[in-house]
Amino acid sequence: MWCFFREIDWNFLLNFNDIDKAVFSFYNCLNDVFSRTVPLRLTVTRRFPFWYTIESRRLLKRKARVRRLALKCVNPDSVDEFRALRSAVKYSIQKDYNTYLRLTEKNLISNPRKFWSYFNNTKHNSPNSLYYNNVCYENDGDIANAFADYFKSVFKPSTNYDIKNEFRSNCVGDFVKIDSVTYDDVVLAIRELKSSLTVGVDNIPSFIIKGCAEFFIYPLLILFNLSLRSNVFPYVWKQTRIIPVFKKGDAQDCKNYRPIAILSPMSKIFESIIHKRLFHQVKNLISPSQHGFIPKRSTATNLFCLTNKIISSFQIGSQLDVIYTDFSKAFDSIDFGILLNKLHGLGFHVNLTDWLHSYLCNRSLYVYFNNAVSREFSGTSGVPQGSNLGPLLFILFINDLTSVFKYSECLLFADDLKLFSSMNSNLDAVLLQSGLDCLFKWCTVNKLHLNIEKCSILSYTRKSQPLNHVYKINDLVLSRSDSVTDLGIIFDTKLDFSQHINSMVSKAYRRLGILKRKTKEFSSEIALKVLYYAHVRSSLEYCSIIWDPIYRNKIEIIERIQNNFLRYLLYKKNGIYLQDVSSSYLRDMFNIPSLCSRRDVSCVLFFYKFTVSPNPSLTSLTSGRSPECPRDRIFDENCELKPMNYMVEVGGKFIHPFE
């Protein structure tokens, strides 16, 4: 393949003025090379698991043959022979499986993808039938079409974007533009492309592009620049394969599935370049209240800002009313015309908005289910799922929402909006209500739908008699609750986090139980630790800077989960399950720091990031959340302070857990 690509002279692409024809010729060359170099193999359904050896398969076939003879009573000795073969088969299969497990554990270093595919292989069988709109579908093709109808139903008609609209002369200037891409842009984008076997509509896996990158850079550079010059995004790269993935609930209900979009790797490379160039030009236009899809901002920074507001309110004896909103299918409901007009108003060059118009419109999608393909349908609204540009376009669309709130504050994580204000009198509640009115008006103008029944209010206060104002959206009263799950963290009115810790610990124990069941035959300490880090410890450390407990009983409740795993490791190592072993001894033995110390290090690293690269939305908050009993150093198991050099040591383990 490498030799064939080397012989292609890609300069013929310079003769094209039509991007779709150029891309068509480009793929013709690729397919010609693939037809010469890639062997075709007929896919055969395996009768046996792939890890069965030839010896096991031979014994199984012989056992089946002897069993038939025994049933026919042809030979009296056949029954005894069958029993002997049955024992031999069991022994051989167990031996093969143990060998497979040993190889799987070794793959953690040499082939991590194979290791994780084994562990994550919780067999989710596709449904034999599916219900949509009270109709039952049993054929794979009909099920694929039912999924297509459901996924299509979330889209809405978009307003036309008039290229000759007078609005184009009223923008603030052509500040944002991309005239061309460079050779280095393409090199970097290919280098950052994830190597995968997954293929899009063009049937070209990304690992081939990365492996033959030196031959793809020049033709892609020609195609990308032709696309920008002609303001047209290639139609082939707008074709999307949709894979339905089960979420939860009834597996036969079409509405319990979410779509996963598979795009062409060529499209991903192009979008990656455009995203970097765009973000560099618009990053200063994005509201500091937005924490989604922006470097150095995250769910942790979003919740940190809110927590700081709540604590400040507690310190002055006030009340903070927070209104949690819920948009319905926000990413799929973006109106193309409104989005493009907003981008032009932000200073996007005419050519760039025309290119984005081509990028968004006339996208072709189809559902792939059990080798069956649905009829194609078009995405008439929304930003493309699975794309690099989609999230950036969405936050630019919703960016002006923050400016409509004159008397209240807000925080955003993509489409997750919180509106809040300090309550000192009824007037403050009235002003917060005016913010809700502005929100509903903005949603109406921008054609986004609020799930009002899912919107709720939480009043953070330690007063004995809080101010309970009735808030409304479109004359519908919002529900008031004592707790709410915000970006995965359970908040309560007292900011106690006991409910979150109890829920988190319960889920962690369930995950640890699953891990133990799945690793009964595992013996590798490294493999077990990696699985624990990924499936259990990660859930115990998510946004820990927000809920990190200061009370000993809460700290111990969380620590018991890791102690349980440490005893399991000891059992795997020695074959003895001991209950009375010191947890500190086990941590030292297996080189796993305590969860408490890791949370302290996480807190230090959280603030260290602001010191190195200050975040505009958090600069004023770097004083942080000061608990009543601050731990500025690491506690040992006896609650005695350890020196700061130990924190540095633990910090190294936090960043590099395998060293």
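Basically the numbering used here = 1-based index in the sequence shown + 17. Where is the CB? At the ideal position from N, CA and C, for every residue including glycine. A quick note: this is a predicted structure, and the numbers were derived from the prediction, not measured.
Are the CB atoms of residue i and residue j nearer to each other than 9 Å?
{"i": "residue 321", "j": "residue 466", "result": "no"}
{"i": "residue 327", "j": "residue 449", "result": "no"}
{"i": "residue 415", "j": "residue 389", "result": "no"}
{"i": "residue 383", "j": "residue 275", "result": "no"}
{"i": "residue 244", "j": "residue 372", "result": "yes"}
{"i": "residue 195", "j": "residue 234", "result": "no"}
{"i": "residue 517", "j": "residue 409", "result": "no"}
{"i": "residue 127", "j": "residue 72", "result": "no"}
{"i": "residue 475", "j": "residue 497", "result": "yes"}
{"i": "residue 477", "j": "residue 337", "result": "yes"}
{"i": "residue 308", "j": "residue 178", "result": "no"}
{"i": "residue 158", "j": "residue 391", "result": "yes"}
{"i": "residue 453", "j": "residue 269", "result": "no"}
{"i": "residue 609", "j": "residue 583", "result": "yes"}
{"i": "residue 225", "j": "residue 31", "result": "no"}
{"i": "residue 553", "j": "residue 578", "result": "yes"}
In angstroms, rounded to a whole number, what distance separates the CA positions of residue i and residue j?
{"i": "residue 544", "j": "residue 133", "result": "10 Å"}
{"i": "residue 394", "j": "residue 379", "result": "10 Å"}
{"i": "residue 271", "j": "residue 387", "result": "15 Å"}
{"i": "residue 162", "j": "residue 22", "result": "39 Å"}
{"i": "residue 318", "j": "residue 312", "result": "11 Å"}
{"i": "residue 111", "j": "residue 103", "result": "12 Å"}
{"i": "residue 121", "j": "residue 283", "result": "33 Å"}
{"i": "residue 202", "j": "residue 155", "result": "48 Å"}
{"i": "residue 87", "j": "residue 105", "result": "17 Å"}
{"i": "residue 169", "j": "residue 396", "result": "7 Å"}
{"i": "residue 569", "j": "residue 561", "result": "16 Å"}
{"i": "residue 550", "j": "residue 381", "result": "40 Å"}
{"i": "residue 592", "j": "residue 601", "result": "20 Å"}
{"i": "residue 510", "j": "residue 167", "result": "38 Å"}
{"i": "residue 314", "j": "residue 42", "result": "42 Å"}
{"i": "residue 484", "j": "residue 443", "result": "8 Å"}
{"i": "residue 491", "j": "residue 457", "result": "7 Å"}
{"i": "residue 364", "j": "residue 459", "result": "21 Å"}
{"i": "residue 118", "j": "residue 78", "result": "24 Å"}
Assign residue i to one of three DSSP states: helix, strand, or coil.
{"i": "residue 588", "result": "helix"}
{"i": "residue 440", "result": "strand"}
{"i": "residue 286", "result": "helix"}
{"i": "residue 370", "result": "helix"}
{"i": "residue 206", "result": "helix"}
{"i": "residue 186", "result": "Only weak support exists for where residue 186 lies, its pLDDT of 46 falling under 50; the coordinates are left without a value."}
{"i": "residue 593", "result": "coil"}
{"i": "residue 579", "result": "helix"}
{"i": "residue 108", "result": "helix"}
{"i": "residue 322", "result": "helix"}
{"i": "residue 494", "result": "strand"}
{"i": "residue 427", "result": "strand"}
{"i": "residue 121", "result": "helix"}
{"i": "residue 19", "result": "helix"}
{"i": "residue 54", "result": "helix"}
{"i": "residue 509", "result": "strand"}
{"i": "residue 445", "result": "helix"}
{"i": "residue 351", "result": "coil"}
{"i": "residue 315", "result": "coil"}
{"i": "residue 477", "result": "strand"}
{"i": "residue 63", "result": "coil"}
{"i": "residue 382", "result": "strand"}
Relative to the C-alpha of residue i, which candidate in the options has its C-alpha closest?
{"i": "residue 267", "options": "499, 145, 357", "result": "145"}
{"i": "residue 20", "options": "615, 472, 218, 228", "result": "228"}
{"i": "residue 405", "options": "221, 602, 288, 297", "result": "288"}
{"i": "residue 540", "options": "493, 116, 249", "result": "116"}
{"i": "residue 316", "options": "90, 502, 52, 55", "result": "502"}
{"i": "residue 55", "options": "594, 220, 113", "result": "220"}
{"i": "residue 559", "options": "521, 590, 494", "result": "521"}
{"i": "residue 525", "options": "590, 286, 483, 580", "result": "580"}
{"i": "residue 27", "options": "47, 35, 18", "result": "47"}
{"i": "residue 434", "options": "473, 332, 33, 445", "result": "473"}
Is there at least one Cβ from chain B nearer than 9 Å to residue i's Cβ?
{"i": "residue 357", "result": "The chain labelled as chain B is not found in the depicted structure, where only one protein chain is given."}
Are three or more beta carbon pairs between the segment 72 to 88 and the segment 265 to 284 nearer than 8 Å? no
Across the segment 258 to 269 and the segment 418 to 434, are there enough close Cβ pairs to call them in contact, namely three or more that are closer than 8 Å? no
Does the contact criterion of 3 or more C-beta pairs under 8 Å hold for the segment 435 to 452 versus the segment 345 to 353? no
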